[in-house]
Amino acid sequence: MPEIEQLRKALIRKTREQVKERYGEREVHVIRAASVLQDLDPAFNLLAEQAIEWYGAHFPELQRIVKDNERFLQLVSKLGERKNFTKEKAGEIAGEKAGEIADAAGKSMGSELGADTMVELRALASNALSLRQERVALEKFIDKEMRRIAPNFAEVAGPLIGAKMLAESGSLQHLAMQPASTLQLLGAKKALFRHMKNKSIKGPKYGFIYQHPLLHKVALKNRGKMARSLGAKLCIAVRTDFFGSRKKIGEELLRALEERAKQLK
Amino acid sequence: MQEIFPGVFAKEKMLFTKNFAPGKRVYGERLLSESGVEYRQWDTFRSKLAAAIKNGLDTLPIKAGSKVLYLGAAEGTTLSHISDIIGEKGAAFGVDVSERVMRKFISICEERKNIVPILEDAAKPWAYGKYLEGTRINVLYQDVSQRDQAEIFLKNAEYFLPKGGWGLLAIKARSISQRKKAQDIFEEETAKLARLFIIRQVINLAPFEKDHTMVLCEKSG
């Protein structure tokens, strides 16, 4: 069948191009970045826990003094062995706790580690820390891209929350076609279905937008109301971005929301 | 190796098809050579058509030389076996909306001369009708997890399937409703098909798929 063979070749070519084009759209990358971002913190915590536990063989007292994982790892990767934990060196990272740390280092009950072990440990600590740097870089990327793709939506939602919502719904087009109530609850799927299956469980009032700063400015009993307004304004913003003239209305919407937050204080 | 349908083989309770692209695997399945012929194992847990055959499908309308329109091609797992069955003279068109799955599907199309990729929405048959103009479709196969799966099937049947053509529709109950009983959903959806089809057989796909059935039907009008 020469016709089908020709058609097949043509369609393979066309489909390849379509796939290529789709991956050229910038929102695809923001969506991937947002999804990476959500995996980054758990990955960091996992590695940090391992490193801290391991380092505990050498300097167990440090865990009680430095509770912050990031700071702990910085100390390990910079200073390494316990005997390097002098007051001034530790002070560069740990600040006022340096005295306590140096004290504890002097009378630690931890055992000595071989040089190889220490190399491994320091490498582990600095690798874990690089995940933190990656996080900062990724947030910057998302911030920039969100403001470019959907300026109004990013303005009202905040770029990070906006990116999460975008990732959940899959595309800007899909997001722009959702009603305000869906935007309000986006990210609260589990709670919503639990409520729908069993009406005695209260329905959720907010999804990703729970992290929105304005929501935390209002009294607890008014958060549902605030979430509803937020959903409505987000809806206007995302539709303007997707369908509209790319007019800048984000700030105006945000001002209206701040007004509303004052009423609901 | 026992041939249970033309092109479909069974051995030790497992299903096989003759590998149309010898030496190549599609999804990590087992390859088996017997008297100079290479067979690919057809996983009943990954392909609903295989599950339907295993659960006692009466007639397999897909045979050597068939022209198949396959909606919801995904990564082409089932379609690769259809490609084995229809062989040199057959042709199968695989439609899917997702470019994510197309990436893998295209590479399968490149290896197999009888399958054609179409990156379009199956709910809009007019968008890809132009590609099918020169081909007389014999079998319409659909496996899309959409709420309006029966409507999509009917729409495509109206467009492409001549009278007497066969339809195979995989119904996923949980795409239609999370709450209704699966059996009720199957009956409702099957009833919708009666507008264009005579229902020949309805096969539950348990234990291979939960809350799925395969409907075998023949177009009457």
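If you're matching them up, the sequences are chains A and B in order. FYI, in our numbering the residues of the first sequence are 94 to 358. FYI, in our numbering the residues of the second sequence are 1498 to 1718. Here a beta-carbon is modelled for each residue, glycine too, at the ideal position from N, C-alpha and C. Bear in mind the structure is a predicted one, so any value in this text is a computation, not a measurement.
Check, Outcome
"Under the three-state reduction of DSSP, which class applies to A/Asn-245: helix, strand or coil?", "helix"
"Shortest alpha-carbon distance to A/Ile-254 belongs to which of A/Met-289, A/Gly-337 and A/Gly-300?", "A/Gly-300"
"With DSSP collapsed to three states, give me the class of B/Arg-1692.", "coil"
"To test your reading of the DSSP string, which unbroken alpha helix (DSSP H) runs of 4 or more residues are found completely within the region 1561-1623 of chain B?", "1574-1583 and 1596-1608"
"Which residue from B/Gly-1573, B/His-1578, B/Ser-1577 and B/Ile-1612 puts its Cα closest to that of B/Ser-1595?", "B/Gly-1573"
"Helix, strand or coil: which one does DSSP assign to A/Val-121?", "helix"
"Around the Cβ of A/Gly-434, are there at least 16 other Cβ atoms within 10 angstroms (buried) or fewer (exposed)?", "Lying before the first or after the last residue shown, residue 434 of chain A is absent from chain A, which here runs from 94 to 358."
"Name the DSSP beta bridge partners of B/Glu-1535, please?", "B/Ser-1530"
"List, in order along the chain, the chain A residues whose C-beta lies closer than 8 Å to that of B/Pro-1614?", "Leu-104, Ile-105 and Thr-108"
"Taking C-beta to C-beta, are A/Gln-277 and A/Gly-324 nearer than 7 Å?", "yes"
"Name, please, each residue of chain A whose Cβ falls closer than 9 Å to the Cβ of B/Gly-1631.", "Glu-96, Ile-97 and Leu-100"
"From what residue to what residue does the beta strand (DSSP E) around B/Ile-1501 run?", "1499-1502"
"Is the Cβ of B/Ile-1603 closer than 7 Å to any Cβ of chain A?", "yes"
"Measure from the alpha carbon of A/Gln-226 to the alpha carbon of each residue in A/Leu-133, A/Arg-321, A/Lys-341 and A/Ala-127, then state which is nearest.", "A/Leu-133"
"Run through chain A and tell me which residues come within less than 9 Å of B/Glu-1608, C-beta to C-beta.", "None at all; the shortest Cβ gap to chain A is about 11 Å."
"Counting contacts by CB-CB distance shorter than 7 Å, is B/Glu-1596 in contact with chain A?", "yes"
"Any idea what DSSP makes of A/Ala-260, helix, strand or coil?", "helix"
"In the DSSP output, what is B/Glu-1685 paired with across the bridge?", "None; B/Glu-1685 has no bridge partner."
"By the three-class DSSP mapping on this structure, what secondary structure does A/Ile-294 have?", "coil"
"For the putative contact between B/Asp-1540 and B/Gly-1569, defined by C-beta atoms under 8 Å, what is the C-beta separation to the nearest angstrom?", "Actually they do not touch by this definition, with Cβ atoms about 17 Å apart."
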